[in-house]
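Participant:
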Amino acid sequence: MDQAQWKLEEARLQKVYNKICKELAQRLKAVRDYGKTVRETGRTIWEEGDHVWEKGDIDAAVEMKQYTDALKQERQKYEIARRQLLKLERLEQSPWFGRVDFTEEGYKDTEQIYIGLTTFFDEKGDVLICDWRAPISGIFYDFELGPAYYLCPEGIIRGQVSLKRQYRIEKNRIRFMLDTDMKIDDELLQEILSKSADEKMRNIVTTIQKEQNRIIRDENHQLLMVQGVAGSGKTSIALHRIAYLLYKYRDTNMTSGNILIFSPNTVFNDYISNVLPELGEENMQQTTFEEYLKSRAGNEVSFESSSSHMEYVLTAKERESEKIRMRGIAYKSSMDFYHLLNRYAHYLEHNTIPFKDIYFKERILIPKKDIEKMFFHDYAGLPMSRRLEKLRQRLHYLIRGPWEERRRQLMEELQHHPEYKSKVRAYSRLFVFHEFKVVRRQIESILYFDVLKAYLDLFDDTDLFARLAGESLPPDYKEICLDTGRRIRNQMMGYEDISAYIYLKGILEGVPRMNHIRHVVVDEAQDYTPVQYGILRQLFNKTPMTLLGDFNQTIHPLKTGFGYEQVAEILAPESKAVLKLNKGYRSTMEIVAFTRAILNDSHIESIQRPGEKPKLIRGSDFDELMDKLVGDVKALKDDGFQSIGIICKTAAESQRVFDSIQTSLQVSLLTKDDANFSRGIIVLPVYLAKGLEFDGAMIIGADKETYGLEEDRKLFYTACTRALHRLHLYYTGEMSPFIKEISEDLYEVSKH
81 MDQAQWKLEE ARLQKVYNKI CKELAQRLKA VRDYGKTVRE TGRTIWEEGD HVWEKGDIDA
141 AVEMKQYTDA LKQERQKYEI ARRQLLKLER LEQSPWFGRV DFTEEGYKDT EQIYIGLTTF
201 FDEKGDVLIC DWRAPISGIF YDFELGPAYY LCPEGIIRGQ VSLKRQYRIE KNRIRFMLDT
261 DMKIDDELLQ EILSKSADEK MRNIVTTIQK EQNRIIRDEN HQLLMVQGVA GSGKTSIALH
321 RIAYLLYKYR DTNMTSGNIL IFSPNTVFND YISNVLPELG EENMQQTTFE EYLKSRAGNE
381 VSFESSSSHM EYVLTAKERE SEKIRMRGIA YKSSMDFYHL LNRYAHYLEH NTIPFKDIYF
441 KERILIPKKD IEKMFFHDYA GLPMSRRLEK LRQRLHYLIR GPWEERRRQL MEELQHHPEY
501 KSKVRAYSRL FVFHEFKVVR RQIESILYFD VLKAYLDLFD DTDLFARLAG ESLPPDYKEI
561 CLDTGRRIRN QMMGYEDISA YIYLKGILEG VPRMNHIRHV VVDEAQDYTP VQYGILRQLF
621 NKTPMTLLGD FNQTIHPLKT GFGYEQVAEI LAPESKAVLK LNKGYRSTME IVAFTRAILN
681 DSHIESIQRP GEKPKLIRGS DFDELMDKLV GDVKALKDDG FQSIGIICKT AAESQRVFDS
741 IQTSLQVSLL TKDDANFSRG IIVLPVYLAK GLEFDGAMII GADKETYGLE EDRKLFYTAC
801 TRALHRLHLY YTGEMSPFIK EISEDLYEVS KH
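Add 80 to a position in the sequence shown, counting from 1, and you land on the number used in my numbering.
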């Protein structure tokens, strides 16, 4: 770039940077002033307010209300100023990262649009920096030089792009500047991707690609399903999409509290916690599906955790009892079981309530047909359990007339008995209460219903189970039913059963209202079962959803034949779309070539970032293998790599590896109970590695015994795709068939 252009850019940067610093100083003072006011208001309330009120002291209550309202207003002012300050602090660190020159059709003047993390105005109200989420900023991500357009509230604005420029700016210094006539250039992307992995996930706002931007800005579909290969930036895209929605709908008072993300585990919640704050937004609500199940189950039932469930599935032996449960897990992870539960809920509604006449002393008080009409017609819009409760209230109301009639009869009878004469009313109420006990029992016997017992009954009645399953009945259903019933009675409910129970409970009892949630994001969508998607539909039937997953990374080996087509069938949205991301940005081209061969999937693309081939290391036994692992890890540390993941198949194997190397390396063990992710040398099971990335991924157990069955293929692929720069595979005995199938040109065999 010629010096004249460079100097013009430097001059503009210095001018805008000075304005940012001036505004920053003013905002800092405002935050301090508001903070001082909040403290003083709180002190005034404490010193002047009445701490003890006499009953009926309205004046003291009014005075306290005025104080608290004033404090609330000052806190709101402080919070607004604090958020504005945080955005300015980020602009001060790097004012902008892109520029696009756009000439609108019908106009001669060309607009220079500088794009940064947030909008910045000068004192006249002119835009000096445009928020990356603004409609016009979409041109930077979506178009090359030439014709372009963007959508704004006024409609489609068309024009011509005459310049696209990228920057790396630190405070008031331009470190990098590049004009490009194509997509966001690989040169800047290469520089960013070649860095070491951070302790937390980074924002990708400076390098968003066209296909990623399409997902971020999509507003036309209630259900947006993203199928993205490993390293395609799915989670980053989801977080940037959240930031975009918060910007887009800020005038409708959408806040981060209105958005909920389901993460795969609590460690991942911590790993992604920096992205939205970096983009100037508060973090959204985060949870895991297991946490939701715990909240719904309460204290009534205990169940297996998701991590314990994965451990069981990955380590189950050939014992007959485990074979039966494994087949049960496979069936309960299928669409067939989801449909069976729906049919069972319908069966319960129409066949399990013992409707009969309510009578007293051979007199029918409420006919059976009237009760059935109330249940099937009057209250038909309610879930079954709520319907029963409503019916209970109604029946108790309807027996008040006969109850009162009998009480009056008793009063007349008791008046002729001297021992009751002084307390006729009290005794008549007491006697009628006892007489009508039989009526109350009739009502309760009709309306008693226990969802947990109903779920257990499904497996106890194998004939009913077979009828409901129809043609999809598993051949060993009797053994599966017997095993399930035994586990529930022993209070050992499996993770596959708690989801089914909570789903049935939701149908029969209804679910808590979550009307405040206006958008739901589900990460690692491929790992949810049909029944779990059924629960999501119960919770968020009309709520827009974004699902992000890769069905090539399904870590559950028993979950097959399930994809976004079935997900859409369950969620039944008003509008839907499946968008694909075929290019991976995480790994080097050599690692992508290797992992692509594991799946034999030619559609997986990679960015052209060269590196070393994956390395295969064999040991004569476990101890020798660990010695080689320690040496390789030290070599990677010496080469400057900060984040190294030692990925095992199970938690038990992770513990064994950790115990072996902890005296030789400064290493930590990541377990299901950890809530924080930190950079360094980490030993972890593969199912906790989902979504994480490491400078170097060291795969333990690349042998036939560990990864030898076809159902292990996607799990092995998931482990290998965690690597950014280096991939080492360690094994003893016979190597995994997944490596044997691969051309030897795609990896190198270590000689040491």
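The beta-carbon is built from N, C-alpha and C at its ideal position, and this holds for glycine as well.
With a threshold of 16 other CB atoms inside 10 Å of the CB of residue 86, please say whether the residue is buried or exposed.
Facilitator: By the 10 Å Cβ count, residue 86 comes out exposed.
Participant: Which whole-angstrom value is the C-beta distance of residue 816 and residue 787, which I expect to be below 8 Å?
Facilitator: Residue 816 to residue 787, Cβ: 4 Å. Contact.
Participant: What number of angstroms, rounded off, separates the C-alpha of residue 109 from the C-alpha of residue 122?
Facilitator: Going by the C-alpha atoms only, they are around 20 Å apart.
Participant: Would you kindly work out how many angstroms separate the C-alpha atoms of residue 265 and residue 376, rounded to a whole number?
Facilitator: At residue 265, the pLDDT of 44 sits below 50, so the modelled position is not reliable and the matter cannot be decided from this model.
Participant: Relative to the C-alpha of residue 696, which candidate in 818, 160, 104, 173 has its C-alpha closest?
Facilitator: The candidate whose alpha carbon is nearest that of residue 696 is 818.
Participant: How about residue 468 and residue 455: are their beta carbons less than 9 Å apart?
Facilitator: Yes, these two residues count as a Cβ contact at 9 Å.
Participant: Is residue 536 closer than 9 Å to residue 565 when the C-beta atoms are compared?
Facilitator: Closer than 9 Å, so yes.
Participant: Is the separation between the beta-carbon of residue 600 and that of residue 637 shorter than 9 Å?
Facilitator: Contact: no.
Participant: I believe residue 605 touches residue 627 by the beta-carbon criterion, under 8 Å. Please report the beta-carbon distance rounded to the nearest angstrom.
Facilitator: The Cβ separation is near 4 Å, so the contact holds.
Participant: With a cut-off of 8 Å on the beta carbons, I'd call residue 192 and residue 630 a contact; round off their distance for me.
Facilitator: With a Cβ gap of about 40 Å, residue 192 and residue 630 do not count as contacting.
Participant: Under the assumption that residue 49 contacts residue 798 (Cβ atoms under 8 Å), give the Cβ distance between them as a whole number of angstroms.
Facilitator: Here the chain has residues from 81 to 832 only, and residue 49 is not among them.
Participant: Take every Cβ of the region 581-594, pair it with every Cβ of the region 461-479, and state whether three or more of those distances are shorter than 8 Å.
Facilitator: Touching, yes, given that three or more Cβ pairs across the two stretches are closer than 8 Å.
Participant: Evaluate residue 563 with the Cβ neighbour count: other Cβ atoms within 10 Å of its Cβ, from every protein chain shown; 16 or more gives buried, anything less gives exposed.
Facilitator: Classification of residue 563: buried, given that the 10 Å Cβ count is 16 or more.
Participant: CA-CA distance, residue 364 and residue 336?
Facilitator: So the two alpha carbons sit approximately 4 Å from each other.
Participant: Give me the DSSP bridge partner(s) of residue 828.
Facilitator: Per DSSP, 695.
Participant: Are there 16 or more other CB atoms within 10 angstroms of the CB of residue 292, so buried, or fewer, so exposed?
Facilitator: Flag for residue 292 reads buried.
Participant: Would you check if the region 803-814 and the region 737-757 touch, i.e. whether three or more CB-CB distances between them fall below 8 Å?
Facilitator: No, because fewer than three Cβ pairs between the region 737-757 and the region 803-814 fall closer than 8 Å, the two stretches do not touch.
Participant: Starting from the Cα of residue 158, find the closest Cα among 182, 118, 146, 150 and give me that residue.
Facilitator: Checked all of 182, 118, 146, 150; the closest Cα to residue 158 is 118.
Participant: Assign residue 550 to one of two classes, buried (16 or more other C-beta atoms within 10 Å of its C-beta) or exposed (fewer than that).
Facilitator: Residue 550 is exposed by the Cβ-count criterion.
Participant: In angstroms, rounded to a whole number, what distance separates the CA positions of residue 162 and residue 357?
Facilitator: Their Cα atoms are separated by approximately 13 Å.
Participant: CB residue 727 to CB residue 765, shorter than 9 Å?
Facilitator: Against a cut-off of 9 Å, the Cβ pair of residue 765 and residue 727 comes out as a contact.
Participant: Pull up the CB-CB distance for residue 558 and residue 413, whole angstroms please, since I reckon it's below 8 Å.
Facilitator: Not quite, the Cβ-Cβ distance comes to about 20 Å (not below 8 Å), so this is no contact.
Participant: Compute the Euclidean distance between the alpha carbons of residue 669 and residue 676, then round it to the nearest angstrom.
Facilitator: Rounded to whole angstroms, residue 669 to residue 676 spans 10 Å at the Cα level.
Participant: With distance defined between alpha-carbon atoms, name the residue in 145, 514, 772, 88 nearest to residue 603.
Facilitator: Per the Cα distances, 772.
Participant: To the nearest angstrom, how far is it from the Cα of residue 609 to the Cα of residue 523?
Facilitator: The alpha-carbon atoms of residue 609 and residue 523 are separated by roughly 39 Å.
Participant: Using the rule of at least 16 other Cβ atoms within 10 Å of the residue's Cβ for burial, across every protein chain shown, is residue 614 buried or exposed?
Facilitator: Residue 614 should be labelled buried.
Participant: Closest by CA to residue 38, which one among 170, 146, 543, 219?
Facilitator: Absent from the model: residue 38. The displayed extent of the chain is 81 to 832, so no value can be given.
Participant: Would the region 413-428 and the region 774-782 be scored as touching if the rule is three or more Cβ pairs under 8 Å?
Facilitator: Output reads no: the region 774-782 does not touch the region 413-428.
Participant: Can you tell me whether DSSP reads residue 748 as helix, strand or coil?
Facilitator: Residue 748: strand per DSSP, three-state reduction.
Participant: On the DSSP bridge assignment, give the partners of residue 250 in chain order.
Facilitator: Paired residues: 253.
Participant: Where residue 183 and residue 241 are concerned, what is the direct C-alpha to C-alpha distance, given to the nearest angstrom?
Facilitator: Looking at the two C-alpha atoms, the distance is approximately 7 Å.
Participant: From the DSSP output, read off the bridge partner residues of residue 182.
Facilitator: DSSP output for residue 182 lists 191, 241 as bridge partner(s).
Participant: Quick one: what's residue 307 bridged to in DSSP?
Facilitator: Answer is 629, 660.
Participant: Inspect the CB distances between the region 303-318 and the region 196-208 and report whether three or more fall short of 8 Å.
Facilitator: Because the criterion of three Cβ pairs below 8 Å is not met, the region 303-318 and the region 196-208 do not touch.
Participant: Out of 777, 165, 679, state which residue places its alpha-carbon closest to the alpha-carbon of residue 103.
Facilitator: Nearest of 777, 165, 679 to residue 103, Cα basis: 165.
Participant: Identify whether residue 444 lies in helix, strand or coil by the three-state DSSP scheme.
Facilitator: The answer is strand: DSSP assigns residue 444 an E or B state.
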